[in-house]
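Encoded as structure tokens, the structure appears first; notes follow it.
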Amino acid sequence: MKTIINLFALLIFLIGGKNAKAQTNDSSIDDTDKISYVVTIDKNNYRLAKVSMTFTPKGDTLYMAYGASALPKRWATFVHNMRAVDRNENSIVIEELSDAKWKLNTSLGTKITVNYEVKLDHENYEWSGGIDGVAYATDLGVFYTGRTLLVLNGAERNNINVDFIVPSDWHVTTPWNALKSNRNSFIVKNQIELFESMIFAGTHEEISIKRGDFELVFALGGDEVLSEKDDYKKLAGGVLDYYINLMGGLPNTGPDHTLNKSVVIINSSTATDGEVIGNNISIVIEKDGGPMTKMLSRFIFAHEFFHLWNGKSFWPSNDETEWFKEGFTNYYTLKSLYHVGFLNDSSYFEILNNLFFQRYNNDDGVGNLSMTKGEEKHAHWGLIYVGGLYVAISQDMIIRKASNNKKSVDDLMKGLFQKYGGTNDSYSLDELRDSLSELSGKDQSDFFNTYITGVKRIPIDEYLSMTSMDAKIEDGNLKIEKKESSSQLQENMTKGMLGIVLDK
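For our numbering, count along the sequence shown from 1 and bump the result up by 35.
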């Protein structure tokens with residue numbers, strides 16, 4: 036059980052055509068800004084992607100995005116046979132540089148075509164974050180992230196054409212907008228969306244859930260994953276609706292970026308793992324993994340998906356409030372899974388002990404480091420992720436009791452979303468303290484000085500016992516049982532903690 040719990044904890048913070056000349060309809064875009072990619076995958080050699088990029092160079096350097104820093108050539112390790120020609124088919128000399136870069140020996144201002152191949156043998160290497168955020172092959176197709184597949188040129192490109200030529204029985208899932216004339220041809224808004232994307236090409240199945248202008252797409256691969264298609268559809272729709280109702284709207288990720296599509300790619304694998312890149316999530320699930328594996332995959336999705344609000348629509352000004360971003364997200368992950376029926380009272384409180392309390396109790400940063408050391412969140416998961424969860428529960432109980440359950444930390448989340456969603460501004464530690472003080476009607480400076488900027492352990496058993504539950508720490512465990520008798524307020528506070536929405 037400890038091995039599974041440790042894996043669970045680690046996962047959460049890791050926690051991504053046949054018309055080769057498809058053109059954008061925006062005639063206002065200068066020709067020098069246009070760039071198009073054609074990606075060809077042959078069914079008989081699907082581990083090899085042939086890429087052709089046509090563009091007018093903005094500078095003489097080709098490069099690949101961040102990542103793969105442990106490899107001397109980074110993503111260029113997997114790039115082979117790069118060559119280039121001008122519009123008259125004259126060869127252009129390409130010089131390979133370090134750090135996944137190449138130099139073009141050509142005059143600027145003339146359109147050229149660069150061809151290269153990407154060998155999909157990434158699984159032969161060790162990846163600190165797991166293969167789920169890199170590239171891999173399955174029986175149903177191939178998975179890439181944009182950063183592993185596509186070479187870039189210039190600091191900024193907009194309205195990028197990407198066209199896939201794949202076997203006739205394949206289709207392509209991406210977070211990009213498809214052309215109506217060809218479902219495997221896409222327009223990408225800019226280079227950030229290009230390399231922060233996830234791509235699955237194959238015979239997998241899709242689930243599409245639309246709310247307003249936003250679409251959530253699940254791409255499911257592997258027999259075990261496909262056998263639970265209906266469960267995933269229920270999970271995705273239920274969690275999405277819970278978050279929308281909670282926050283009061285769809286994700287609003289900034290004035291320069293309108294989020295209208297998010298992709299979640301799920302495949303069977305030899306182990307369970309997950310990663311988020313940009314606004315997209317990749318999850319691999321251990322085949323024949325059992326109930327705990329199912330729990331891990333659902334938790335990863337619900338946690339990372341809530342970051343589209345808490346983390347992407349509003350975000351901290353510095354690392355001092357990573358405990359809020361990750362810990363409060365843990366709280367609403369639990370609530371959402373309870374709301375859709377994936378958790379019940381028993382399993383909810385079991386997770387509070389078996390996962391969260393054990394990680395908090397065994398983290399040597401607890402009692403020694405301030406929770407504001409957000410840069411330590413990977414080394415001290417218990418302190419930051421669980422400590423933040425405990426702040427969420429504690430403050431929620433303080434506010435609910437003080438307001439007769441009329442207010443809660445839900446109001447804090449909605450307020451931050453309304454204030455910062457769609458802007459480039461961010462919240463601070465002091466703002467969180469002041470907002471919580473206002474909601475509870477009592478200055479929370481002592482709480483912050485003691486448990487957040489200070490290093491004292493949060494007495495989570497005391498705050499949980501403010502509800503209809505009796506909590507105590509005994510023999511290294513957080514034991515939670517229902518009280519023999521409790522008031523209506525305590526019952527309602529428990530329901531609020533679980534995510535049950537009550538009329539105020």
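Just so you know, even glycine gets a beta-carbon here, dropped at the ideal spot from N, CA and C.
- The continuous stretches of alpha helix (DSSP H) do not include phenylalanine 349, and DSSP gives it neither H nor E.
- Closest in alpha carbon position to methionine 233, among Thr89, Tyr486 and Asp167, is Asp167.
- In the three-state reduction of the DSSP assignment, lysine 85 falls in the strand class.
- A Cβ-Cβ distance of about 7 Å is found for the pair isoleucine 147 and valine 120, placing them in contact under the 8 Å criterion.
- In the three-state reduction of the DSSP assignment, aspartate 265 falls in the helix class, which pools H, G and I.
- Judged by their CB atoms, serine 475 and alanine 437 are nearer to each other than the 8 Å cut-off.
- Taking 8 Å as the cut-off, the Cβ atoms of valine 177 and methionine 88 do not count as close.
- Closest by C-alpha distance to serine 520, out of Asp505, Asp323, Glu152 and Asp510, is Asp505.
- Its chain contains Val128 as the residues whose beta carbon lies nearer than 6 Å to that of asparagine 140, once the 5 sequence neighbours on both sides are disregarded; these appear in chain order.
- Straight through space, the alpha carbons of glutamate 158 and proline 210 are spaced by roughly 24 Å.
- Closest in C-alpha terms to serine 522, from the list Lys514, Asp510, Asn512 and Asn440, comes Asn440.
- Within 10 angstroms of the beta-carbon of tyrosine 278 lie 16 or more other beta-carbons, which makes it buried.
- Taking the C-beta atoms as reference points, lysine 370 is found nearer than 8 Å to leucine 533.
- Judged by beta-carbon spacing, asparagine 287 lies within the 8 Å limit of serine 348, meaning their Cβ atoms are closer than that value.
- By a beta-carbon distance limit of 8 Å, asparagine 314 contacts serine 297. Their separation comes to about 5 Å.
- Assignment of beta-bridge partners to threonine 148 by DSSP yields Thr89 and Val120.
- When the beta-carbon positions are compared, glycine 283 and glutamine 525 stay at least 8 Å from each other.
- The Cβ atoms of leucine 97 and glutamate 152 do not sit closer than 8 Å to each other.
- Between phenylalanine 90 and asparagine 188, the C-beta spacing is below 8 Å.
- Closest option to lysine 93, judged by alpha-carbon separation, among Lys268, Leu464 and Ala190: Ala190.
- The DSSP-derived three-state label of isoleucine 234 is strand.
- In the DSSP annotation of this structure, asparagine 287 is not part of any alpha helix (DSSP H), being labelled neither H nor E.
- Taken in chain order, the complete alpha helix (DSSP H) segments of 4 or more residues contained in the segment 149 to 212 are 181 to 184.
- Within the DSSP bridge table, the entry for threonine 96 names Lys138 as partners.
- Taken atom to atom, the span from the alpha-carbon of threonine 75 to that of isoleucine 200 is near 5 Å.
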